[in-house]
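Student: Structure incoming, see below.
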Amino acid sequence: MDDLSKPVRLHRINRTRAYEEIVRQMQTLITEGHLKPGDRLMTERELAEQFGVSRVTVRQALSVLQAMGLIESRIGNGTYARKSEAAVVTVLAPVLNPYSSLLEQLELRRLIEPEVARLAAERATPAQTQDMAHFIELQEQMLSTGRPFVDEDSAFHLAIARGAGNDLVFRMMASIHDLLRDTREKSMNSREAMTHALTRHREILEAIQRHDPKAAHRATLRHVRDVEARILRDHSRARPDESKRDDA
Numbered sequence: 001m002d003d004l005s006k007p008v009r010l011h012r013i014n015r016t017r018a019y020e021e022i023v024r025q026m027q028t029l030i031t032e033g034h035l036k037p038g039d040r041l042m043t044e045r046e047l048a049e050q051f052g053v054s055r056v057t058v059r060q061a062l063s064v065l066q067a068m069g070l071i072e073s074r075i076g077n078g079t080y081a082r083k084s085e086a087a088v089v090t091v092l093a094p095v096l097n098p099y100s101s102l103l104e105q106l107e108l109r110r111l112i113e114p115e116v117a118r119l120a121a122e123r124a125t126p127a128q129t130q131d132m133a134h135f136i137e138l139q140e141q142m143l144s145t146g147r148p149f150v151d152e153d154s155a156f157h158l159a160i161a162r163g164a165g166n167d168l169v170f171r172m173m174a175s176i177h178d179l180l181r182d183t184r185e186k187s188m189n190s191r192e193a194m195t196h197a198l199t200r201h202r203e204i205l206e207a208i209q210r211h212d213p214k215a216a217h218r219a220t221l222r223h224v225r226d227v228e229a230r231i232l233r234d235h236s237r238a239r240p241d242e243s244k245r246d247d248a
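The opening position of the sequence shown corresponds to residue 1 in the working numbering, with each subsequent residue numbered one higher.
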């Protein structure tokens, strides 16, 4: 097994979305075969130095990659790459439109996420629910500093998808989570909005931990509808200003 020991492949990144960019670069290394299943990653400290970020940021990115099933952590023995899921993403890529409207994205979330949560409530293991709880803890940390937890939100929903126990469902969710980023960003435009989202996430997690499929479905549907209502309300408020700019 080879260590990831060629820093030329890693690039120092813009701190605005440091967490997301680390995930993107590491995912590319894995899907393109530069990191093969069983290869050991550099330590958190080494990765932090290569990327030019804090170890906390690296740790968050590794948590997302683990939720996506691309890496695995072995206690006392480091972190290792797992089998790439690029093939499924490649198959789906032609049908994913990065310019889809917000309404289409919201409709997709409403159709998919409640059912995925229902399955997770039936099938998630204790380790998988611990992962979900971990991402909620990260969201709480971000909220305490007043920063949007868009990536932590994505990681939470990916962890739920993994807990659904259906590999095809998980791979589909992993392949479209970037596509749905717009709705996540626009739903976290204030501290109030983030606090509300965190409350809904806790409700979803509690239902999954209780293995209550109906409650998990209901809580997730309520969450997605809240997001939809907030985005549409903010969008309607913005329209008059847009009209004034057009007339100017």
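Glycine included, each C-beta is placed from N, C-alpha and C at the ideal position.
Looking at the strands, I want to know which residues DSSP matches up with G78.
Tutor: R74.
Student: By how many angstroms is the C-alpha of K36 removed from the C-alpha of F149?
Tutor: Whole-angstrom Cα-Cα distance: 30 Å.
Student: Roughly how many angstroms lie between the CA atoms of V224 and H201, to the nearest whole one?
Tutor: Going from the Cα of V224 to the Cα of H201 covers about 10 Å.
Student: Looking at C-alpha atoms only, which residue of A61, R110, R40, L108 is the closest neighbour of A48?
Tutor: Among A61, R110, R40, L108, the Cα nearest to that of A48 is on A61.
Student: Tell me the rounded alpha-carbon separation between T90 and T57.
Tutor: Low confidence applies here, because T90 scores a pLDDT of 42, under 50, leaving its location unreliable; read the following figure in that light. About 28 Å.
Student: Taking 8 Å as the limit between beta carbons, can you name the residues of its chain near R59, skipping five residues before and five after?
Tutor: So the list reads E44, once near-sequence residues are dropped.
Student: Between I204 and chain C, is any beta-carbon pair separated by less than 9 Å?
Tutor: Annotation note: the requested chain C is absent from the structure, which comprises a single protein chain.
Student: Any idea if D167 is buried or exposed, counting beta-carbon neighbours within 10 angstroms, 16 or more meaning buried?
Tutor: Exposed is the call here.
Student: For Q130, does the count of other Cβ atoms within 10 angstroms reach 16, so buried, or fall short, so exposed?
Tutor: Classification of Q130: exposed, given that the 10 Å Cβ count is below 16.
Student: Label E20 either buried or exposed according to how many other C-beta atoms from any shown protein chain fall within 10 Å of its C-beta, with 16 as the threshold for buried.
Tutor: Classification for E20: buried.
Student: Less than 9 Å between the C-beta atoms of A164 and A117, yes or no?
Tutor: Result yes, Cβ atoms of A164 and A117 sit closer than 9 Å.
Student: Would you kindly check if the distance between the Cβ of D182 and the Cβ of Q105 is under 9 Å?
Tutor: For Q105 and D182, yes; Cβs fall inside 9 Å.
Student: Confirm, please, whether the CB-CB distance from A174 to R230 is below 9 Å.
Tutor: For R230 and A174, no; Cβs fall outside 9 Å.
Student: Are L143 and T195 closer than 9 Å when you measure CB to CB?
Tutor: For L143 and T195, yes; Cβs fall inside 9 Å.
Student: State the DSSP-derived secondary structure class of F149, mapped to helix, strand or coil.
Tutor: DSSP places F149 in coil when its eight states are reduced to three.
Student: Tell me which same chain residues have a C-beta within less than 6 Å of the C-beta of P213, skipping the five on either side of it?
Tutor: R118, A121, E122.
Student: State buried or exposed for A161, treating a residue as buried only when at least 16 other CB atoms are found within 10 Å of its CB.
Tutor: It is buried - the Cβ of A161 has at least 16 other Cβ atoms within 10 Å.
Student: Does E32 come out as helix, strand or coil in the three-state DSSP assignment?
Tutor: Three-state DSSP puts E32 in coil, outside helix and strand.
Student: Using only the alpha-carbon positions, how far apart do R245 and S190 sit?
Tutor: Here the model assigns R245 a pLDDT of 46, short of 50, so the residue's position is not dependable, and the following value carries that caveat. Near 24 Å, if we compare the C-alpha coordinates of S190 and R245.
Student: Suppose only complete runs of 3+ residues qualify. What are the beta strand (DSSP E) ranges in the stretch 95-174, listed by chain order?
Tutor: Here no run is fully enclosed.
Student: Is the separation between the beta-carbon of L29 and that of P114 shorter than 9 Å?
Tutor: Contact: no.
Student: Does DSSP classify V307 as helix, strand or coil?
Tutor: This structure cannot settle anything about residue 307, because the visible part of the chain is limited to 1 through 248.
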